[in-house]
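Protein chains in written order, with this note's numbering: chain W, 880 to 1252; chain A, 880 to 1252; chain L, 880 to 1252. Where is the CB? At the ideal position from N, CA and C, for every residue including glycine.
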């Protein structure tokens, strides 16, 4: 029986297991360090996730995304889908988040992405999984850390591929005194391959009153730069809700107490959230580019913090014809900026070829956009 | 192949399209200015939205709303619905949000609303749309801006009317040197017409243990004032999540960097969020008034900012009989206050007839409430 | 017709009902005070709630919870469920929130919980209710307040019990000058009884690649302490969104203006949110302990505020055999800490036997965890 005189106490000092008689458990998963990775190693990441309408609403609330195909079942049916497909980036975050515990819990930095593709659409009700193979390892000359190169594939419940990506991450070494000198760096293609078959229904004429944009593949020219007009300020609750929704447990994003004792002094925004915000801002000018076909590469040029306002501009790098007559592709470069409007920046680099400090994202990706009919 | 020595760079300075060889795109939709509107003009707003359970949960989390009918499918079935209908204000925000890009992106102020009605209930799974007609234009004497009067109608996927509203907005002129002198001001009714047929199932006796309130139509008297006891503080993430969820892209709500260079110096809270918070607070005393029949008019008397705590009081302006014997209507005035409790304010006006600075909302609306059985 | 010269005014000063001709309503429910409770009194709490996928997504976003069973319908089916059951704590919050208006609106403090059990799983689509009986009353010697002891039972739409709990709350007296001297304190069991029948499907072998943890009932030892490695910082929007989602209307959590004039000077975090955060952090080390069988008792040792980072450690108090061969139980003590890592604290008490100021939660609970197969 609980002593109700001591109402607020659940255990007494006497009960409190003291250091002398308790065992510190070794069951805490501290994640993998550089030495724990082997080239060719395969990892099945835990935590399959069934995607719901709740996730979709959350994504809209977090990003303000307005791409029509992902907002309306009615429109999706007109496009030939059974119901609205998931925003490609939402699927990316939910699937990718699973790899943090195994790959990047001890990461110093997410250095880059390459050859990301979205082979099949994902819908509410689907359950996504992720598997990873280690494809490269490079110990840093300092001996304190190394770069791990991985290839991850995401699947739905029918084992259809929904995500394919390569990334490289700088990871702490467990033992900084022993050097292996390993230097096996894989090659990456500069762009993701474009396949003959694209899993998008054959499109009829697009009602621009519904999608909100009147421009199609033919209207864009290489070298064209779109200075998107919106800016979105991100607060701490926004980006931490996003990171937790994606079950991404990288501590730098949500442990402010720990981050206070680091040089940055505060929580770092998940780079994927910056990608999503920039993509959402790019709607104005790219309203009909409703499908991300691939992310060719991406860099988080500078960190983003709570209170920063994200702006973006997009350059059309390449217009790509496809054998299908209803659609074409655009290779785009969307640059995310913090606290600087797109119209206030020309080159993203300083005189030494380094990213300017207001540049937070340099994303090279390929979208599908309908042709005129 | 990516040069992996420069890990964090996606494009080089050389690749970076410089001002000399790139074209600034004209595809950015900068919204309509005063001169772009013509009386009689009809606009189909883009972005049909399929409403989900995710939106409903978000609305409860954002507002703390406790009206029982919108929370329980079981109760809704007892009331004669197939499932719980959407909160009228959530439907309003999701539908209304579509008009911002076309009507109020360049608004200086949302001046008022009138004759808002909610003809048919909306349910999870429905897809909503919005169409607008310009019904009035009045250039301001300054020549810098003008007032645009519009009439918008929202529909569900079966083309049933779910929202009908008039509003007027002060919009920037594109060219402040040319004056048209236009002065076509429509008339508005002071209250929304009450129809013979109300789309609410015939109600049996209400279980007050379930709805949380024991008062019915007969219990209220004209002139009665309810000083609601709750206050809800709104933070930046709350109101910006709300605005983004509604795909309302009015920059003043979520671009803090831009707002820092304006007199207010920070993001403005979406007025609709204040309405929702005030309505949620009004639950205590109006628990059985679960249906908003109409919003007769509304004014955002002063701006609301993050950190403000919203309080509210409600006055019963008029008791309205209906030919149905199971329900009656109450015309109410709910006043939203910031950082001042309802019991601490008497009149909402100063000696000059201006709203006091703590008054943020003056809402005149009509609710349906069951009669005693 | 509205006078459009006064665009932003909905009511005039003349219309404004002044103190002289209006009636202040007595319809505001001010909650129960100590004197309003009678031993044996039964209360049916209003607001049945249909639980949706939106609630589930919100819970993941608010807590970062990664327990696999609650994230994946596919996995739940492998475990023998029809679909993923709700996280026990999410169900707790949604059900418990209903009791605030009647029981703890005028609470000075939630003093403790005891004998909480979760008899049947809850699923998306279920509608939950709560009923309470007053089981004890003890006036404080100061005469200003008293402790109310209640026993609450939550039901689903089929009248199956989903929650059973006892708690005691210190409540203000309405009249501090009249003393009743009542002192009827019930007894509580130190632990919740463990029944022969546990409503969990018979489990086959568990795929640890899916659940993310490789430890089973046999692996844990009494006296073992798990210093969980993660910390989660909670901001104002997070905890107020949580509290509002649960329709918990205790003012201390979301009325900052009111709280500024109290000694704490700011909003208090809902203690249940701290429990959820601590449980989420305990995932690392207890990945397979996916079912909370009971909460034996709990105390909120110190208040938690926005900006605090929560850490946690867990001690294995007792290993409990069950007649079922596929599962066992662990009685655990999870201690929540603010702004102090689990590795930086030994005993949770100071030399006088008082909780240290960084200790925010002392939770004694029992989980079900599979045995090895």
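Identify the contact partners of residue i in chain W, using a Cβ-Cβ distance below 7 Å as the criterion.
i	result
residue 910(L)	Ordered by position in chain W, no residue passes the 7 Å Cβ test against residue 910(L), which lies about 21 Å from the chain.
residue 907(A)	1105, 1106, 1107, 1108, 1163 and 1164
residue 1137(A)	1110
residue 904(A)	1103, 1104, 1105 and 1164
Using a cut-off of 9 Å between C-beta atoms, extract the partners of residue i located in chain A.
i	result
residue 1126(L)	939, 943, 944, 945 and 950
Is residue i near the ligand NAP - that is, is its Cβ less than 7 Å away from at least one heavy atom of it?
i	result
residue 981(A)	Absence of the ligand NAP is noted for the structure shown, with no ligands found whatsoever.
Would you kindly check if the distance between the Cβ of residue j and the Cβ of residue i is under 8 Å?
i	j	result
residue 970(L)	residue 1044(L)	no
residue 1136(W)	residue 1188(L)	yes
residue 1047(L)	residue 1091(L)	no
residue 1192(L)	residue 1104(L)	yes
residue 923(L)	residue 1010(L)	yes
residue 931(L)	residue 1005(A)	no
residue 1050(A)	residue 1015(A)	no
residue 1238(L)	residue 1227(L)	yes
residue 1129(W)	residue 979(W)	yes
So residue i contacts chain W; which residues on that side make the cut at Cβ distance below 8 Å?
i	result
residue 890(A)	1212, 1227, 1241 and 1243
Please state whether DSSP places residue i in a helix, a strand or coil.
i	result
residue 1172(W)	strand
residue 898(A)	Model confidence at residue 898(A) stands at a pLDDT of 49, short of 50, so the residue's coordinates are unreliable; what they give is reported in the following sentence. It is coil, neither helix nor strand.
residue 892(L)	coil
residue 1022(W)	coil
residue 1201(W)	coil
residue 970(L)	helix
residue 1229(L)	coil
residue 996(W)	strand
residue 1122(W)	helix
residue 1040(W)	strand
residue 1193(L)	strand
residue 1223(L)	helix
residue 1244(A)	strand
residue 1049(L)	strand
In chain order, what residues of the same chain have a beta carbon less than 8 Å from the beta carbon of residue i, not counting five sequence neighbours either side?
i	result
residue 1123(A)	1133
residue 1236(L)	1181
What's the call for residue i, buried or exposed, on a 16-neighbour Cβ count within 10 Å?
i	result
residue 929(L)	buried
residue 1204(A)	exposed
residue 949(L)	buried
residue 1158(W)	buried
residue 891(L)	exposed
residue 1074(L)	exposed
residue 952(W)	buried
residue 942(W)	buried
Skipping 5 residues on each side, what residues in its chain have a beta carbon closer than 7 Å to that of residue i?
i	result
residue 1059(W)	1018
residue 938(W)	944, 966 and 969
residue 1108(A)	1163
residue 954(A)	947, 948 and 1089
residue 1150(A)	989 and 1179
residue 1081(A)	959 and 1205
residue 1208(L)	1073, 1172, 1199, 1201, 1245, 1246 and 1247
What residues of chain A sit near residue i, judged by a beta carbon separation below 8 Å?
i	result
residue 929(L)	950, 951, 952, 953 and 963
residue 933(L)	931, 932, 933, 934, 935, 936 and 937
Which same chain residues, not among the five before or five after residue i, have their C-beta less than 6 Å away from its C-beta?
i	result
residue 999(W)	1039, 1041 and 1078
residue 1008(A)	927 and 1034
residue 1251(W)	1095 and 1097
residue 1185(L)	1114 and 1115
residue 1190(A)	1110, 1216, 1220 and 1221
Quick one: which chain L residues come within Cβ less than 8 Å of residue i?
i	result
residue 1146(W)	1112
Find the residues of chain A that neighbour residue i, judging by a C-beta separation of less than 7 Å, and give them in chain order.
i	result
residue 895(L)	1226, 1227 and 1228
Below 9 Å on C-beta distance, what does residue i contact in chain L?
i	result
residue 1116(A)	1114, 1115, 1116, 1117 and 1120
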